[in-house]
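When we follow my numbering, the leftmost residue of the sequence shown carries the number 1163, and every step to the right adds one.
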Amino acid sequence: MTNMGNAKTISLDITSKRARGRGELVISAPVAALPPAVERAAHRLPKMTLTGVWQERAEFSVGMTWKSYGSNIVLSFEPVDAGTTRVVATSTPAVPTTLMDWGQGKADLAEVLNAVAAEL
């Protein structure tokens, strides 16, 4: 998908297999702008808890729903050039033996990446 309503979003791609997901957001913003944007975005995500934010990554915890036992989302910030950053998001189930999450992990990744993009 391209340009999800934010002029700074260059591309957004999310895939999932079994109960694991991976998303990639390329955005026109320097790496240093991401940690504060993630902290602001966390307020838009009531079902997720921001468990940590650092200069190179951030971590969220997602609670249990009828579709899943919860998951952990890690965002990694990778500079492409001085003004462009790639945000790689991975979702893993909170219960390692989980085989199916009925698309909840993919939906959670889309929600967190769109919230971060909206804050930039």
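In this text, a Cβ means the ideal position worked out from N, Cα and C, and glycines have one as well.
- By alpha-carbon distance to Phe1222, the top candidate from Ser1230, Lys1229, Trp1228, Thr1213 is Thr1213.
- Short of 6 Å from the beta carbon of Ser1178, and not among the five residues preceding or following it, lie these beta carbons of its own chain, in chain order: Gly1267, Lys1268.
- Minimum Cα-Cα distance from Asn1234 among the listed residues Arg1184, Ala1194, Ala1191, Gln1217 corresponds to Arg1184.
- Leu1237 places its beta carbon 7 Å or farther from that of Ser1253.
- For Arg1180, no beta strand (DSSP E) segment is defined, and its DSSP state is neither H nor E.
- Straight across, the Cα-Cα distance linking Glu1201 with Val1215 is about 8 Å.
- The straight-line gap separating the alpha-carbon atoms of Gly1232 and Ala1256 is approximately 5 Å.
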